[in-house]
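Chemist: Input: one structure, supplied below.
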Amino acid sequence: MSKPLRCGFAAILDPAKSIHTETVLRALRIYQSLFAAKTIEFICCEDYGSLDGGAQAAEFLVSAGVDIVVGHYASNSALGALPLYAEQSIPMLLPTATDTCLTHDRNLVFRLCANNDNIVHALLSLFPSDVEVKFDVFSDESPYAKKLASILKSTLADYAPRLVQEAGASNIVFIGTGDRSAMFLQDCEDKGVSGNIILTDDAACAQLVIPQSMAVGQIHGIGFAPAKLVNPQAPCVHEYVKRYHAMPSVFFLETIAAFEIVSQLQAKSENLIADLNRCSFSTSLGELRFQQGENLLAPLCLWANSKAQQLHPIGMIKRPEGYLK
């Protein structure tokens, strides 16, 4: 492709509305200034993380004549945007939207992260395999949380009778956005909850606010892997540390990798959708190839709270093993 490529970028742009906004906007600024040069024209818009917001963002980006879209970090906004992109044959690169159905029966949606099914199986693999474990499941009212909770409950049949959902159990799984997860933890502190609490991908990050009275290791998270575990020597990571004096959090490498794919398409592709379905891409997440829209090597990470009451990554989740008792 000889001409500059128009890349739409849709996200929650207000840092007060998402604990991940600062990270993804920093990724955009770094990529724009260092790597995109004049080969990519970025067109940014707010999607509010909602169905209607996603649809409105898609309408704006389509009218702006974008060739490809990166973003829609919340699954709900991606679901709202997808019909219009599909109608216009505009490919979507999803850094962190986990709803499994987004890639079903479509050839223009490409997910860089794990999907909900992957997250559920990784979560259930953390419980010991030799004893019965009971846990309760809570979620916020977001469509993302409701869907993930539904998958968790239906998947439990494969793990019965070893794993049992039971109201009032000491082990707790909470599925929700980062902000709602922080509110749930505060409620647990107020009620004196002492059992293990497991959070999911949107909350599994160092930015999560954790009450001071929580015991070390009481809170775990199943989420994406941060740059320091995946590729700490990547040029984009060095630039982040140089600018912001800290390692980037989750959502950074996923965003950068999506932009790197766009750059590689701009350099050589005459058919974006066809090449996304058949080519491999060298990215800061590693060598990446999509199979039916999924990155089958997408890493997941186990997080736990430290003495400083901050979630920190324990390690990559590679196979079913019992971490929690």
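First residue of the sequence shown? That's 1 in our numbering, and the numbers climb one at a time after it. Every residue, glycine too, gets a C-beta built ideally from N, C-alpha and C. Treat the numbers as computed from the prediction; the structure is a model and nothing was measured.
1) Given G8, which residues of its chain have a CB within under 6 Å of its CB, disregarding the five upstream and five downstream residues?
2) Would A298 pass as a contact of C113 if the rule is Cβ separation under 8 Å?
3) DSSP state of K38, grouped into three classes?
4) Count the other CB atoms within 10 Å of the CB of D105; is the residue buried (16 or more) or exposed (fewer)?
5) Quick check on this structure: which residue in V230, V120, E166 has the alpha carbon closest to the alpha carbon of P313?
6) Alpha carbon to alpha carbon, how far is Y240 from D130?
7) Classify M214 as helix, strand or coil using the three-state DSSP reduction.
8) Using 8 Å as the threshold, is the C-beta distance between L152 and V137 below it?
9) Extract the residue ranges of the beta strand (DSSP E) inside the region 106-138, only unbroken runs of 3 or more that lie entirely within it.
10) Near R180, which residues of its chain fall below 6 Å by C-beta distance, leaving aside the five closest residues on each side in sequence?
11) With respect to the beta strand (DSSP E) encompassing A304, which residues constitute its N-terminal and C-terminal limits?
12) Just confirm the distance between the C-beta atoms of G71 and P95, as a whole number of angstroms; I'd bet it's less than 8 Å.
13) Taking DSSP's pairing of strands, which residues face L94 in a bridge?
14) With the cut-off set at 8 Å, would you say L265 and S284 are in Cβ contact?
Modeler: If we stick to the structure as given:
1) The residues I43, L61, V66, V69, in chain order, have a CB closer than 6 Å to that of G8 in the same chain once the five nearest residues on each side in sequence are set aside.
2) Yes, Cβ-Cβ distance for A298 and C113 is below 8 Å.
3) Collapsing the DSSP output to three states places K38 in coil.
4) Around the CB of D105, fewer than 16 other CB atoms lie within 10 Å, so the residue is classed as exposed.
5) It is V230 whose Cα lies nearest to the Cα of P313.
6) Roughly 43 Å separates the two Cα atoms.
7) DSSP, reduced to helix, strand and coil, places M214 outside both helices and strands of the structure shown, so it counts as coil.
8) Less than 8 Å separates the beta-carbon of L152 from that of V137.
9) Given a length threshold of 3 residues, each whole run of the beta strand (DSSP E) inside the region 106-138 is given here in chain order: 109-111.
10) The answer, listed in chain order, is D140.
11) It spans 301-305 - the beta strand (DSSP E) in which A304 sits, taken as one unbroken run.
12) Yes, G71 and P95 are in contact; Cβ-Cβ is about 7 Å, under 8 Å.
13) Under DSSP, L94 shares a beta bridge with R111.
14) Against a cut-off of 8 Å, the Cβ pair of S284 and L265 comes out as no contact.
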